[in-house]
Amino acid sequence: MALLTSEDLKNINRQLEEADSAVRRVTGLDIKEVCRALYGTSPSCEKIGIVPVTSGNGIIGNFSASLHAITQYFGFESFVTDMPDVSGYYEAVKKGAEIILMADDHTFLAHNLKNGKIANNQPCTGIIYAEIASRHLKADSKDVLVIGLGKVGFPGAAHFANKGFNVYGYDADKVLLEKAVSNLGIIPFTPSSPRKFSMIFEATPCANTIPEFVISKNCVISTPGIPCAISDELRKKYDVEIVMEPLGIGTVSMLYSVL
Ligand code: NAI
Ligand code: 0TF
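Per the working numbering, the very first residue in the sequence shown carries number 315; after that it's consecutive.
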């Protein structure tokens, strides 16, 4: 898994505010309203315990603090435990946490201790970013391009397919592309038959993955992928609306999915 850095999480509140404004421009709803529509749930004063985890590559500077800021931004009551790991989990439960948020290098989970529901960040991120793109108010058709069909991209592509979109997909890994074609019925996208899209969903860990010939004027690129999938130059040239944020949108999707 590509790991976040503390640099990615700098000014998380400003990043969230900008993402919320972009989501409003694209969909007419803010991020919370998109979550409510997607999962049919609403918070009711759940208390969230955030547990730092030291295993593997260890604590990421700003990670727990960012989760604290994100949960507060979306109106949840939350706290970060003083202790990490198992001791932190114990502390969180003892202090009344109803939902636990914690991540090691492989899994970032939200576990609702009251109803038993558990969520994984990767599918929840794919689904919410796909949902946002699917609500593009100025979409010119039901065609969507998905670039990157891994642990975030595949559930995103599945979400578009379930909503009845015509999903064109591409992954540099042919095995993953084949899997998405056979399991989801997506159309393999080939640069040899170029076309433009008003909705693009990107979930890769690479820069410049979106070729210019697929970008239409005023298109939406909904992308959890870090770093950004297109250059500033292309973004300006085509007046692209980008929804991109490193942690908060995926986290709030996890939280609404376990309410
Ligand atoms: P993954 O490794 O499971 O999938 C990435 C896929 O991108 C792979 O299948 C790979 O073959 C494909 N790929 C790489 N370069 C490509 C290219 N040039 N063109 C087409 N496909 C290409 O990774 P995962 O977990 O799906 O994460 C994807 C990205 O999303 C990472 O950058 C990760 O850090 C980020 N992420 C962001 C979150 C957020 O909240 N913003 C949450 C979770 C992940
Ligand atoms: O960096 C990641 C994921 C996060 C997905 C959300 N964008 N790409 N996971 C590692 C998190 C490790 C956290 C660390 N153990 C801590 O500080 O608790």
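Yeah, the Cβ is synthetic: ideal placement off N, Cα and C, and Gly gets one too.
Original post:
Helix, strand or coil: which one does DSSP assign to ASN603?
Top reply: The requested residue 603 is not part of the displayed model; the chain covers only 315 to 573.
Subject >> Backbone secondary structure at ASN480 - three-state DSSP >> reply: Against the sequence shown, residue 480 aligns to sequence position 166. Correct three-state label for ASN480: strand.
**OP:** Ignore the nearest five residues each way along the sequence and tell me which others in ILE417's own chain have a CB closer than 8 Å to its CB.
**Re:** Position 103 of the sequence shown holds residue 417. Before going further, note that residue 417 is Ala rather than Ile in the sequence given. The beta carbon of ALA417 lies closer than 8 Å to those of VAL367, PHE377, LEU423 and ASN435 in the same chain, with the five residues before and after it left out.
Original post:
Start and end of the beta strand (DSSP E) containing CYS533?
Top reply: Here residue 533 is taken as the residue at index 219 of the sequence shown, counted from 1. Membership of CYS533 in the beta strand (DSSP E) is indicated by the continuous run 529-536.
Original post:
Should ALA316 be counted as a contact of the ligand NAI given a C-beta to heavy atom distance under 6 Å?
Top reply: In the sequence shown, the residue the question calls residue 316 occupies position 2. For ALA316, the CB falls within less than 6 Å of some heavy atom of the ligand NAI.
Original post:
With respect to the alpha helix (DSSP H) encompassing MET568, which residues constitute its N-terminal and C-terminal limits?
Top reply: On the sequence shown, residue 568 is found 254 positions in, with the first residue counted as 1. Element bounds for MET568: 562-571.
Original post:
Anyone know if the C-beta pair for GLY478 and LEU463 falls short of 7 Å?
Top reply: In the sequence shown, counting from the first residue as 1, residue 478 sits at position 164. In the sequence shown, counting from the first residue as 1, residue 463 sits at position 149. It is not a contact, given that the beta carbons lie outside the stated cut-off.
Subject >> Given ILE544 as reference, the closest of VAL534, LEU491, HIS450 and ASN522 once Cα atoms are compared >> reply: Taking the first residue of the sequence shown as position 1, residue 544 is located at position 230. Residue ASN522 is the option with its Cα nearest to ILE544.
**OP:** May I ask you to report which of helix, strand or coil DSSP gives GLU332?
**Re:** In the sequence shown, residue 332 corresponds to position 18, counting from 1. When secondary structure is reduced to three states using DSSP, GLU332 falls in the helix class.
Original post:
Do you know offhand how far ALA486's Cα is from VAL460's?
Top reply: Here residue 486 refers to the residue found at position 172 when the sequence shown is read from its first residue. Here residue 460 refers to the residue found at position 146 when the sequence shown is read from its first residue. Cα-Cα distance, rounded: 12 Å.
**OP:** Could you spell out the range, first to last residue, of the beta strand (DSSP E) harbouring SER512?
**Re:** Reading the sequence shown from its first residue, position 198 is the one you call residue 512. SER512: member of the beta strand (DSSP E) spanning 511-516, first to last residue.
Original post:
Three-state secondary structure (DSSP) at GLU347?
Top reply: The residue labelled residue 347 in the question sits at position 33 within the sequence shown. It is helical.
Subject >> Exposure of ALA316, with buried meaning 16 or more beta-carbon neighbours within 10 Å >> reply: Taking the first residue of the sequence shown as position 1, residue 316 is located at position 2. Exposed is the call here.
**OP:** Kindly give me the distance between the Cβ atoms of VAL557 and TYR387, rounded to whole angstroms, as I take these residues to be in contact under 8 Å.
**Re:** Working through the sequence shown from its first residue, we reach residue 557 at position 243. Working through the sequence shown from its first residue, we reach residue 387 at position 73. Rounded, the Cβ-Cβ distance is 16 Å, inconsistent with contact.
**OP:** Compute the distance between the beta-carbons of PHE468 and VAL458, then report whether it is under 7 Å.
**Re:** Locating residue 468 in the sequence shown gives position 154, where the first residue counts as 1. Locating residue 458 in the sequence shown gives position 144, where the first residue counts as 1. VAL458 sits away from PHE468, with the two beta carbons spaced by 7 Å or more.
Subject >> Separation of LYS428 from ARG338, as counted between CA atoms >> reply: For the purposes of this step, residue 338 is taken as residue 24 along the sequence shown, with counting starting at 1. For the purposes of this step, residue 428 is taken as residue 114 along the sequence shown, with counting starting at 1. Taking the straight line from one Cα to the other gives about 32 Å.
Subject >> Close beta carbons around PRO541, own chain, < 6 Å, minus the five adjacent residues each side >> reply: By 1-based counting over the sequence shown, the position of residue 541 is 227. Apart from sequence neighbours up to five positions away, the residues of its chain that approach PRO541 with a beta-carbon distance below 6 Å are ALA521, ordered along the chain.
Original post:
With burial defined as no fewer than 16 other Cβ atoms inside 10 Å of the residue's Cβ, what is the status of ARG449: buried or exposed?
Top reply: Translated into positions along the sequence shown, residue 449 becomes position 135. Burial check for ARG449: the Cβ neighbour count within 10 Å reaches 16 or more, so the residue is buried.
Subject >> Candidates THR565, GLY470 and HIS420: closest to ASN371 by CA position >> reply: Residue numbering aside, residue 371 sits at position 57 when the sequence shown is read from its first letter. Per the Cα distances, HIS420.
Subject >> Status (buried if at least 16 other CB within 10 Å, exposed otherwise) for GLY499 >> reply: Within the sequence shown, the letter at position 185 stands for residue 499. Note on GLY499: under 16 other CB atoms within 10 angstroms of its CB, so exposed under the neighbour-count rule.
Original post:
Who are the near neighbours of GLU360 in its chain, counting only those whose CB is closer than 6 Å to its CB and skipping five residues on each side?
Top reply: Translated into positions along the sequence shown, residue 360 becomes position 46. Once the five neighbours on either side are set aside, the close Cβ partners of GLU360 are GLU412 and ILE413.
Original post:
What do you reckon, is the C-beta of GLY470 under 6 Å from a heavy atom of the ligand NAI?
Top reply: Position 156 of the sequence shown, counted from the start, is the residue given in the question as residue 470. Between the ligand NAI and the CB of GLY470, the shortest heavy atom gap is not smaller than 6 Å.
Original post:
Among GLU547, VAL528, ILE446 and SER392, which one has its Cα closest to the Cα of CYS349?
Top reply: In the sequence shown, the residue the question calls residue 349 occupies position 35. Among GLU547, VAL528, ILE446 and SER392, the Cα nearest to that of CYS349 is on ILE446.
**OP:** Can you say whether THR504 is buried or exposed, counting buried as having 16 or more other CB atoms within 10 angstroms of its CB?
**Re:** Within the sequence shown, the letter at position 190 stands for residue 504. It is exposed - the Cβ of THR504 has fewer than 16 other Cβ atoms within 10 Å.
Original post:
In whole angstroms, what is the alpha-carbon distance linking PRO357 and LYS550?
Top reply: Taking the first residue of the sequence shown as 1, we reach residue 357 at position 43. Taking the first residue of the sequence shown as 1, we reach residue 550 at position 236. Computed Cα separation, rounded: 38 Å.
Original post:
Rounded C-beta distance between THR395 and TYR570? I'm assuming under 8 Å.
Top reply: In the sequence shown, counting from the first residue as 1, residue 395 sits at position 81. In the sequence shown, counting from the first residue as 1, residue 570 sits at position 256. In fact, because the Cβ distance is near 23 Å, the residues do not count as touching under 8 Å.
Original post:
If you compare alpha carbons, which of SER392, ASN497, VAL489 and GLU526 is closest to PRO511?
Top reply: As a first step, residue 511 must be located in the sequence shown, where it is residue number 197. The question names Pro, but residue 511 is Phe in the sequence shown. The shortest C-alpha separation from PHE511 is found at GLU526.
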